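Beneath this line is the structure, given in structure tokens, with notes to follow.
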Amino acid sequence: MHVVPLPALADNYIWLLHDDNGDAIVVDPGEAAPVETALRARQLKLCAILLTHHHNDHIGGAEALRKTYDVPIYAPDDARIAIATHRLQDGDTVVLTQPFARFQVMAVPGHTLSHIVYAGAGVLLCGDTLFSLGCGRLFEGTPAQMLSSLQRIASLPGDLLVCCGHEYTAANGRFAQSVEPDNLALQQRVDEVARLRAQHQPSVPAPLSSELACNPFLRVDSESVIDWCNRHGAANDPVARFAALRSAKDAFRA
Ligand code: ZN
Ligand code: FE
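In this note's numbering, the protein residues as written are 8 to 261.
Here is the structure:
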């Protein structure tokens, strides 16, 4: 499967997945135009739309695309996504024949309560739950919910490519380095991101294994993150550490 991030809106990525026959899936089309342009330029046929959560920057283009292409729209079971044709629960599997793909669906409450991720075909389609070097803001869920969602994601195969909803990696990296200044893998990833962004290239996807080594929100049990939390007055349990990281990130400016 070819995996292509389509820049959209201010800093979103719409993910375009397609096979060598030209059959395509799009994920979180916040607007229709970049998808239509890419389908035309690459001579692809849109076969399905996958949505991770109800925010408009992830679903705003789905209605216009469905008018043109009349494809199934997979989404969380949430009335705020009126356009859905297939509603998914934790543990469901999405099987597509064209392009051939099989995705395991996981409920990941935190950024929103009904957020889901899709894992399969070599990718993790994770919307605004996991970002490269960061995680989504807690608009609806609790720190305990988000941490448990991220921990479930962390147990997936490390070679899955993390396809997240936004280009936030450089800013996330500055916060991550303030937490773990001595993390060499993080230093290397930050350098790589700087190189890519200087060339106007997307910083994602990156393998989940790299996130496990570099992303502080997946590392609340690591010694260096525990040290940082101790110095920042967080109680010594994983949820408190996660909550302290998340609120420090919310306040972080650098
Ligand atoms: Zn969102
Ligand atoms: Fe978003």
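Quick reminder that beta carbons are idealized off the backbone N, C-alpha and C, glycines included. What you are looking at is a predicted structure, and each value in this text was computed from that prediction instead of being measured.
Buried or exposed by the 16-neighbour rule on C-beta atoms within 10 Å, applied to ARG253:
buried
Say yes only if the C-beta of SER25 is nearer than 7 Å to one or more non-hydrogen atoms of ligand 2, and no if none qualify.
Per the sequence shown, residue 25 should be read as His rather than Ser. Checking the Cβ of HIS25 against ligand 2 gives no.
Proximity of ASP35 and GLY172 at Cβ, strictly below 8 Å
Yes.
Should ASN19 be listed as close to ligand 2, given that the test is whether its C-beta is under 7 Å from any heavy atom?
For ASN19, the shortest separation between its Cβ and any heavy atom of ligand 2 lies below 7 Å.
Count Cβ pairs between the region 68-79 and the region 104-115 that sit closer than 8 Å; are there 3 or more?
no
Grouping DSSP H, G and I as helix and E and B as strand, with all else coil, what is ILE32?
strand
Classify ARG260 as buried or exposed, calling it buried when 16 or more other Cβ atoms lie within 10 Å of its own Cβ.
Around the C-beta of ARG260, fewer than 16 other C-beta atoms lie within 10 Å, and the residue is accordingly described as exposed.
Please determine whether the Cβ atom of HIS62 lies at a distance below 7 Å from any heavy atom of ligand 1.
Distances taken from the Cβ of HIS62 to the heavy atoms of ligand 1 include one shorter than 7 Å.
Which residues in the same chain as GLY143 place their Cβ atom closer than 7 Å to its Cβ, once the five residues preceding and following it in sequence are excluded?
Hits under 7 Å: GLY117, HIS118, ASP135 and THR136.
Does the Cβ of LEU167 have 16 or more other Cβ atoms within 10 Å, making it buried, or fewer, making it exposed?
Buried.
Exposed or buried, SER156, counting other C-beta atoms within 10 Å across all chains shown (16 or more means buried)?
Buried: at least 16 other Cβ atoms inside 10 Å.
ASP135 beta carbon near ligand 1 (any heavy atom closer than 7 Å):
In this structure, ASP135 has its beta carbon less than 7 Å from a heavy atom of ligand 1.
Between the region 118-127 and the region 79-86, do at least 3 Cβ pairs fall closer than 8 Å?
yes
Given PRO212 as reference, the closest of PHE249, GLY129, ASP26 and GLY68 once Cα atoms are compared
GLY129
Does the Cβ of PHE182 have 16 or more other Cβ atoms within 10 Å, making it buried, or fewer, making it exposed?
buried
Which runs of the beta strand (DSSP E) spanning at least 3 residues fall entirely within the region 116-181, listed in chain order?
123-127, 130-134 and 168-171
From TYR125, VAL115 and ALA91, pick the residue whose C-alpha is nearest to that of THR100; which is it?
TYR125
Does the contact criterion of 3 or more C-beta pairs under 8 Å hold for the region 183-192 versus the region 219-234?
yes
Who pairs with PHE110 in a beta bridge, going by DSSP?
VAL101
Answer with buried or exposed for VAL197, where buried requires no fewer than 16 other C-beta atoms within 10 angstroms of its C-beta.
buried
Taking C-alpha atoms, which residue in VAL169, TRP22, PRO164 and LEU131 lies nearest to HIS65?
TRP22
Count the other CB atoms within 10 Å of the CB of LEU98; is the residue buried (16 or more) or exposed (fewer)?
First, the residue type needs correcting, since residue 98 is Gly and not Leu in the sequence shown. Exposed, by the Cβ-count rule.
Runs of alpha helix (DSSP H) lying entirely within the region 188-255, each at least 4 residues, in chain order
191-205, 215-221 and 230-238
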